[in-house]
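Here the structure comes first, spelled out in structure tokens, and everything after it is commentary.
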Amino acid sequence: MDCVIYQIIIYLIQRGECGNKTTLPYFVANIVKILDIEAIEKDQQDQSVTDYNATISGKGVVIKTTTRQTIFLPVTRLLNASQLKSAELIGINKDGYMLYEKLPTEYDARVKTMEVDENLQEDYTDIGGLDKQIEELREAIVLPIVHKERFENIGIRPPKGVLMHGPPGTGKTMMAGACIAQTKATFLKLAGPQLVQMFIGDGAKMVRDAFQLAQVFIDELDAIGTKRYDSDKNGDREVQRTMLELLNQLDGFSPDDRIKVIAATNRPDILDPALLRSGRLYRKLNSHYQIKKPEHKSQKFIPGKCLLLKKPLIMSKLLEVLMNLMEHKQKLSALKLV
249 MDCVIYQIII YLIQRGECGN KTTLPYFVAN IVKILDIEAI EKDQQDQSVT
299 DYNATISGKG VVIKTTTRQT IFLPVTRLLN ASQLKSAELI GINKDGYMLY
349 EKLPTEYDAR VKTMEVDENL QEDYTDIGGL DKQIEELREA IVLPIVHKER
399 FENIGIRPPK GVLMHGPPGT GKTMMAGACI AQTKATFLKL AGPQLVQMFI
449 GDGAKMVRDA FQLAQVFIDE LDAIGTKRYD SDKNGDREVQ RTMLELLNQL
499 DGFSPDDRIK VIAATNRPDI LDPALLRSGR LYRKLNSHYQ IKKPEHKSQK
549 FIPGKCLLLK KPLIMSKLLE VLMNLMEHKQ KLSALKLV
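The numbers in the sequence shown follow this note's numbering, run straight up by one, and end at 586.
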């Protein structure tokens, strides 16, 4: 009967015929552990007392409710026990403590807005002068995702992430976009300053939610990844808490090999050594390159590609002017060339 009432209330809320203050007949709990239940035979039971729970066999769960109670409950027929996993949300009846249904995972709305939904158009052929860095990025991120079974057969554990460092405008973000486009993975683009929040624990929660969703690209990593030091300011301590959560997600007790991290920074010298140790972001790609010889293929590629797309008829004349400019300007980034 309670299940029927529950379905009716949900239906009315969806149609807008029920007020927001309507009390639902369940509360939310987290699954702590899933256990197998074996029924106790009658001759082993105390004949003076009949225990109904002792006659139940199947699956049971240990849950922790929002009221800080830890309860063991058998899985009812309303749920498929094989689909339940630890740490998932579940709806519990308020009165009889009966399992109702599995609830969708709760994500921080700020993290969901960082998800890149549109198809990324970047390609490795659009990037000039970074052939070595592109090859290293493919080996560290793309190949372990596309050919996961090969790494498992050989027994190689691929790196968790990659750190790209270099001056602004050298193609760090573009390389990350091309990498994500090849893996066809869910892409979250986070900026380091976005993880610095006012309230305690907000930044760490955003990091946890991001690692549950997708492949992550963190720009301006130095905003939260600076070396740790003693400070009495609450803001500095919150930044350090956020970085500690990032370290835990990179190499915790239960790392997820499907999730890869690509980070970018202009200041690798101020990052905490714990971020750069083996198993975390120890693969470092330097995206800074100098243009020395104008006749070099990769140096001509950047302005040539841009002009070919815009005005191919005057490309040769403009290329000659650009080559003369590049002879005198030895440290032009790709962004300045474009």
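All C-beta atoms, glycine included, are put in the ideal place defined by N, C-alpha and C.
DSSP, reduced to helix, strand and coil, places Y348 within a strand of the structure shown. Where V410 is concerned, the enclosing beta strand (DSSP E) starts and stops at G409 to H413.
Contact check for G409 against I518 fails: the beta carbons are separated by 8 Å or more. Minimum Cα-Cα distance from I340 among the listed residues R515, K312 and K475 corresponds to K312. By the Cβ criterion, the stretch 408-428 is not in contact with the stretch 450-461, since fewer than three pairs of Cβ atoms, one from each stretch, lie closer than 8 Å. Counting the other CB atoms within 10 Å of its CB gives A426 a total of 16 or more, which places it among the buried residues. As DSSP reads the structure, P322 sits in a beta bridge with G308. Of the candidates T513, D467 and G451, G451 places its Cα closest to the Cα of Q488. The C-beta distance from P516 to L411 rounds to 7 Å, short enough to meet the 8 Å contact threshold. For I338, the closest of I382, L524 and V280 by C-alpha to C-alpha distance is V280.
CA-to-CA, the gap between L391 and L443 works out to about 29 Å. Per DSSP, T314 lies in no alpha helix (DSSP H) and is assigned neither H nor E. Excluding five sequence positions before and after D284, the CB atoms of its chain that fall closer than 7 Å to its own CB belong to K307, given in chain order. When secondary structure is reduced to three states using DSSP, A433 falls in the coil class, being assigned neither helix nor strand. The straight-line gap separating the alpha-carbon atoms of F435 and I375 is approximately 20 Å. Within its own chain, the residues whose Cβ lies closer than 6 Å to the Cβ of L495, once the five positions on either side in sequence are excluded, are A522, listed in chain order. For K453, the secondary structure class from DSSP, reduced to helix, strand or coil, is helix.
The DSSP-derived three-state label of T513 is strand. With contacts defined by Cβ atoms closer than 8 Å, V276 and L351 form a contacting pair. In the DSSP annotation of this structure, L519 is not part of any alpha helix (DSSP H), being labelled neither H nor E. By DSSP's assignment, T418 forms no beta bridge with any residue.
Distance from the Cα of N514 is smallest, within the candidate group H395, G414 and E349, for G414. Here L321 really is in contact with Y345; their C-beta atoms are around 6 Å apart, less than 8 Å.
Per DSSP, the beta-bridge partners of K281 are V310. Out of E400, K453 and T490, the CA that lies nearest to the CA of A471 is found in T490. A residue is called buried when at least 16 other Cβ atoms come within 10 angstroms of its Cβ; Q381 meets this threshold and is buried.
Taken atom to atom, the span from the alpha-carbon of G440 to that of D343 is near 45 Å. In the DSSP annotation of this structure, the continuous segment of the alpha helix (DSSP H) that includes R398 starts and ends at K396 to I402. Going by C-alpha positions, I282 is about 49 Å away from D379.
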